[in-house]
Amino acid sequence: MLTVNPVDRIQGKIKVPGDKSISHRAVMLASIAKGKSTIEGFLPGEDCLSTVECCRGLGVEIRREGTSLEVDGKGLDGLREPENLLDAGNSGTTMRLLSGILAGQPFLSVITGDGSLRKRPMARIANPLRQMGAKIDGRADGKLAPLIIRGGSLTAIDYTLPVPSAQVKSAVLLAGLYASGETIVREEFLSRDHTERMLQFFGGNLERRAGSVILRKSELFGQPVKVPGDISSAAFFMAAAAAMPGAHLIIEDVGLNPTRTGIIDVLREMGASIQIDNLYSSGGEDIGRVIIEGRKLRGITITKEIMPRLIDEVPVIAAIAALAEGTMRITGAEELKVKESNRIAAMVTELNKLGIQAEELEDGMEITGSGKISGGLVESYGDHRIAMAMAICGLFAEGPVKIQNSECIAVSFPGFEKTLAAITV
Ligand code: S3P
Numbered sequence: 072m073l074t075v076n077p078v079d080r081i082q083g084k085i086k087v088p089g090d091k092s093i094s095h096r097a098v099m100l101a102s103i104a105k106g107k108s109t110i111e112g113f114l115p116g117e118d119c120l121s122t123v124e125c126c127r128g129l130g131v132e133i134r135r136e137g138t139s140l141e142v143d144g145k146g147l148d149g150l151r152e153p154e155n156l157l158d159a160g161n162s163g164t165t166m167r168l169l170s171g172i173l174a175g176q177p178f179l180s181v182i183t184g185d186g187s188l189r190k191r192p193m194a195r196i197a198n199p200l201r202q203m204g205a206k207i208d209g210r211a212d213g214k215l216a217p218l219i220i221r222g223g224s225l226t227a228i229d230y231t232l233p234v235p236s237a238q239v240k241s242a243v244l245l246a247g248l249y250a251s252g253e254t255i256v257r258e259e260f261l262s263r264d265h266t267e268r269m270l271q272f273f274g275g276n277l278e279r280r281a282g283s284v285i286l287r288k289s290e291l292f293g294q295p296v297k298v299p300g301d302i303s304s305a306a307f308f309m310a311a312a313a314a315m316p317g318a319h320l321i322i323e324d325v326g327l328n329p330t331r332t333g334i335i336d337v338l339r340e341m342g343a344s345i346q347i348d349n350l351y352s353s354g355g356e357d358i359g360r361v362i363i364e365g366r367k368l369r370g371i372t373i374t375k376e377i378m379p380r381l382i383d384e385v386p387v388i389a390a391i392a393a394l395a396e397g398t399m400r401i402t403g404a405e406e407l408k409v410k411e412s413n414r415i416a417a418m419v420t421e422l423n424k425l426g427i428q429a430e431e432l433e434d435g436m437e438i439t440g441s442g443k444i445s446g447g448l449v450e451s452y453g454d455h456r457i458a459m460a461m462a463i464c465g466l467f468a469e470g471p472v473k474i475q476n477s478e479c480i481a482v483s484f485p486g487f488e489k490t491l492a493a494i495t496v
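Under my numbering, the first residue of the sequence shown carries the number 72, and numbering increases by one thereafter.
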């Protein structure tokens, strides 16, 4: 159980662990590329370690020392049939992206995960991968994991995403590496595009147009990857600093890919002061320093257009909405119901426990700021982002906030508690 005590000030300079989405993709692409890849700044959180173990299970040699990895890529056709179940743990990204690769393999794989992952929807990837020619079965008519995938020769499809999801887009693109013809994925609002950027970095034949991406069967080649800090991890501290008048926080080497920076736009619209400098790019990703100064914030309305660029940050926005003036209305966020937990129900229930007025909407939630958060005992639902969002509430509360089952934070942010201690006085 994590106990977070109220603080008077937030200040300092921090770094956050490597980007989760990019770490997953780096390991997967390196595994099917020709030759050696190195990965620096890898996130050694449980989710990304699940990806490493799954790739090892497919015969890839991966050496890891802390945040540095060396991967002996097998080439597109060099993976071998796993001897045992592949275990994606808590990680939707591992299961969904890897399924795209497994769909192209001439062997059988069975991929499973923990209790939370086995409840999450998999038809969204199984359907397009079946259309491409893979045989996929699973519980509930192939809608739930464990998934049984018999891959084979695939045919390209032209696919419009029925749900806004980078994981689905990525699964289809990765399968497209193995498919004859042109794989096209179309989406209404651009979701995180790390797969596209990294495929290009690894030499993939990929073309981007407004609203669509086109991939032709292509070989990948090992590369040196540098993983930026995860803006979704930085977001907890950005939001906390933004909401505390007088706070001054610097976060170095944060990934600033425009498909991930919705949190900066939202905090600015709420009245926060956020500056960005020291910008550079590496492996096709933008990286920079973020400087946040705390202000009194105001509640705003968030709608579906921004959601793909913001989705993982909604829990922490809901947390600081309690401190903002007026009402925060978050809409177009139904995807939150099928994350590691139902994040709408979880946040509303736990915020209520701390005396915050919050209500569920059909596709989001509404929080009325009163500037007051009481201390208390809350639950994480085994969901890392719920646990960390509640920890941020604790910084502003009138008494300690105790978060039960907080060990799940290690899924994406090993060292969270230390970083929290480093910026608070
Ligand atoms: C991710 C995509 C998002 C996000 C998840 C990571 C990715 O999920 O919520 O944490 O790495 O592609 P969806 O694709 O389900 O929206």
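A virtual CB, placed ideally from N, CA and C, is assigned to each residue, including glycine.
(request) Output the distance between the C-alpha atoms of G293 and E141, rounded to the nearest integer angstrom. (result) Roughly 10 Å between the two C-alpha positions.
(message) Excluding the 5 residues flanking F178 on each side, which residues of the same chain have their C-beta closer than 6 Å to its C-beta?
(response) Answer for F178: E152, listed in chain order.
(message) Can you give me the C-alpha to C-alpha distance between G106 and L407, rounded to a whole angstrom?
(response) Spanning the alpha carbons of G106 and L407 requires a straight line of approximately 38 Å.
(request) Sort G204, V234, E124 by Cα distance to K259 and report the nearest one. (result) Looking at the sequence itself, residue 259 is Glu, so the reference to Lys does not match. Residue V234 is the option with its Cα nearest to E259.
(request) Within its chain, find whatever has a CB closer than 6 Å to the CB of N276; leave out the 5 residues flanking it on each side and keep chain order. (result) Answer for N276: R287, S289, listed in chain order.
(request) Rounded to whole angstroms, what's the CA-CA distance from L320 to E384? Just pull it up for me. (result) Between the alpha carbons of L320 and E384 lies a gap of roughly 18 Å.
(message) Measuring only the C-alpha atoms, how far is A281 from G317?
(response) When rounded, the distance between both Cα atoms is 41 Å.
(request) Round the Cβ separation of I415 and G435 to the nearest angstrom and send it over; I've been treating them as touching at under 8 Å. (result) About 7 Å; that satisfies the 8 Å criterion.
(request) Assess, as a yes-or-no matter, whether the segment 333-351 is touched by the segment 98-118 under the definition of 3 or more beta carbon pairs within less than 8 Å. (result) At 8 Å Cβ cutoff, the stretches do not touch.
(message) Using a Cβ-Cβ cutoff of less than 8 Å, which residues in the same chain neighbour T74 once the five nearest sequence positions on both sides are dropped?
(response) So the list reads G465, P471, V472, K473, I474, once near-sequence residues are dropped.
(request) Assuming M309 and I363 form a contact by the criterion Cβ under 8 Å, report the distance between their Cβ atoms to the nearest whole angstrom. (result) With a Cβ gap of about 5 Å, M309 and I363 count as contacting.
(message) Less than 8 Å between C-beta atoms, sequence neighbours within five positions excluded: which residues of the same chain meet that for M99?
(response) Within the same chain, and ignoring the five residues on either side of M99 in sequence, the residues whose Cβ sits closer than 8 Å to its Cβ are T122, C126, L168, L169, I172, L245.
(message) So the candidates are N198, Q202, M193; which of them puts its Cα closest to the Cα of R210?
(response) The shortest Cα separation from R210 among N198, Q202, M193 belongs to M193.
(request) Quick one: using the 10 Å Cβ neighbour count with 16 as the cut-off for buried, is M72 buried or exposed? (result) Flag for M72 reads exposed.
(request) Could you have a look at G171 and say whether DSSP puts it in helix, strand or coil? (result) Judged by DSSP in its simplified three-state form, G171 adopts helix.
(message) Relative to the C-alpha of R195, which candidate in D212, G186, M459, S180 has its C-alpha closest?
(response) Closest by alpha carbon: D212.
(request) Look up D118 in the DSSP assignment and say whether it is helix, strand or coil. (result) Note: D118 maps to helix in three-state DSSP.
(request) Taking 7 Å as the cut-off, decide whether the C-beta atoms of I480 and A458 are in contact. (result) The answer is yes: Cβ separation under 7 Å.
(message) Below 8 Å on the Cβ atoms is my contact criterion, and I expect G442 with E469 to pass it. Report the Cβ-Cβ distance as a whole number of Å.
(response) The beta-carbon separation of G442 and E469, rounded to 11 Å, does not stay under the 8 Å limit for a contact.
(request) Please indicate yes or no: does the CB of I382 lie closer than 6 Å to some heavy atom of ligand 1? (result) Relative to ligand 1, the beta carbon of I382 is positioned inside 6 Å of a heavy atom.
(request) Give the DSSP bridge partners of I474, in chain order. (result) DSSP output for I474 lists L73, V449 as bridge partner(s).
(request) Mark A306 as exposed unless 16 or more other C-beta atoms lie within 10 angstroms of its C-beta, in which case mark it buried. (result) Result: buried.
(request) From the DSSP output, in three-state form, read off K84 for me. (result) Residue state, collapsed to three classes: strand.
(message) If you measure between the beta carbons of A395 and G370, is that distance less than 7 Å?
(response) Here A395 is near G370, since their CB atoms are less than 7 Å apart.
(message) Restricting to Cα atoms, I'd like to know which of I373, L448, P485 is closest to I438.
(response) Comparing Cα-Cα distances from I438 to each of I373, L448, P485, the minimum goes to I373.
(request) Give the single residue among I382, D301, I103, P379 whose Cα lies nearest to the Cα of L248. (result) Distances from the CA of L248 to each of I382, D301, I103, P379 were compared; the closest alpha carbon is that of I103.
(request) Quick one: residues in its chain with C-beta nearer than 7 Å to the C-beta of R191, no 5 flanking neighbours on either side, listed in chain order? (result) Within the same chain, R191 has close Cβ partners G163, V409.
(request) Report yes if the CB atom of L368 is closer than 7 Å to the CB atom of M399, and no otherwise. (result) No, they are not a contact pair.
(request) Assign V161 to buried or exposed, taking buried as 16 or more other Cβ atoms, counted over all protein chains shown, within 10 Å of its Cβ. (result) Looking at the sequence shown, residue 161 is not Val but Asn. Counting Cβ neighbours within 10 Å, N161 comes out buried, since at least 16 surround it.
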